[in-house]
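Here's the structure, in structure tokens; my notes come after.
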DNA sequence: AATCTATTTTGAAAAATTTTTAAATAGGTT
DNA sequence: AACCTATTTAAAAATTTTTCAAAATAGATT
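Okay, structure coming up:
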């Protein structure tokens, strides 16, 4: 748990696919594995990463395990990202292009 | 470039530190490496990952290379995350707790 | 109880990422 | 031009992550 786990979880393609699959419905581990054509063991590993990141919750019905999104975590994620968004932009409208003299863009 | 690259870039602790350092000022590669106590070569690798993800831009002054945030990409990122946020929640106020019967939370 | 189904765990193997070392670039200074 | 400084690149080594195969759990069904 923590932001490191969250981004690590999101960095994998298979795991992002799982999240997309669960956007509108809860699914069992078996169904997810089947749809992604990966082994149950491999899927279980990815689910554990997503659970560790708090991006999923699970519940049992009979001997099936259903997974669903924990959408509350995405709110926290947005908060973290917003710290890097543009805050105040200095007004440079009446100014010569100083950057062009100072910087040689690569 | 692409969301996969973005999350992969953000999944690493060193790279998130770099972004945090660049939040308020542009810094040279050398200064960043020094502050993080990693070798210039290792830093260069991480910078390349962040550039690949479009999270940074660079410019040269003399033989220094300055790096700064490309904050526009964070907007796109937020858009992606918002797809997983809670949309409409069905109204279950007049309903018995069916979930308690159906689900055994783990 | 024995068996079957769904899933997880474990330990080893495979694959991908990161670091290191050394050499290469690029540009500034003497 | 020769040299110095900052940074990047390349190849090998180290580390981490992911997959696989097999065994272990957990619960349902017969």
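Chains as they are written, first to last, in our numbering: chain V, 1 to 106; chain X, 1001 to 1106.
Even for Gly, the Cβ is constructed at its ideal location relative to N, Cα and C.
Keep in mind it's a predicted model, so treat the numbers as computed, not measured.
* Asked: Identify the residues that DSSP records as bridge partners of residue 27 of chain V: which are they?
  -> V/67
* Could you confirm whether any beta carbon from chain V is found closer than 8 Å to the beta carbon of residue 1052 of chain X? => no
* Are the C-beta atoms of residue 1078 of chain X and some chain V residue less than 8 Å apart? -> yes
* Looking at the C-beta of residue 29 of chain V, does it have a partner C-beta in chain X at a distance below 8 Å? -> no
* Does DSSP put residue 95 of chain V in a helix, a strand or coil? -> In this prediction, residue 95 of chain V scores a pLDDT of 39, lower than 50, which makes its location untrustworthy; no coordinate-derived value is stated.
* In chain X, which residues lie with their C-beta within 7 Å of the C-beta of residue 42 of chain V? -> Neighbours of residue 42 of chain V on chain X: none; closest Cβ ~19 Å, over 7 Å.
* **Residue-chain proximity (residue 1004 of chain X, chain V), Cβ-Cβ < 8 Å** => yes
* Asked: When the Cα atoms are used, what is the spatial distance from residue 37 of chain V to residue 15 of chain V?
  -> 13 Å
* Beta-carbon proximity of residue 84 of chain V to residue 1085 of chain X, cut-off 8 Å -> no
* Asked: Is the Cβ-Cβ distance between residue 22 of chain V and residue 68 of chain V less than 8 Å?
  -> yes
* Helix, strand or coil at residue 1058 of chain X according to DSSP, with G and I counted as helix -> strand
* Asked: With a Cβ-Cβ cutoff of 8 Å, do residue 55 of chain V and residue 6 of chain V count as a contact?
  -> yes
* Asked: Where does residue 22 of chain V sit, in a helix, a strand or coil, going by DSSP?
  -> coil
* Under 8 Å from the C-beta of residue 83 of chain V: neighbouring residues of chain X -> 1023
* Grab me the residues of residue 1044 of chain X's own chain with a C-beta within less than 6 Å of its C-beta, minus the 5 sequence neighbours each way, in chain order. => none
* Return helix, strand or coil for residue 32 of chain V, following the three-state DSSP convention. => helix
* Asked: When you compare only the Cα positions, how much space is there between residue 46 of chain V and residue 1062 of chain X?
  -> 47 Å
* Asked: How big is the Cα-Cα spacing for residue 1048 of chain X and residue 60 of chain V?
  -> 44 Å
* Asked: Do we get a CB-CB distance below 8 Å when we pair residue 36 of chain V with the residues of chain X?
  -> no
* Asked: Who are the Cβ neighbours of residue 1020 of chain X in its own chain at under 7 Å, not counting the five residues just before and after it?
  -> none
* Cβ shell of residue 26 of chain V (< 7 Å), same chain only, five flanking positions each side left out -> 66, 67, 68
* Go ahead and pull the three-state DSSP assignment for residue 5 of chain V. => helix
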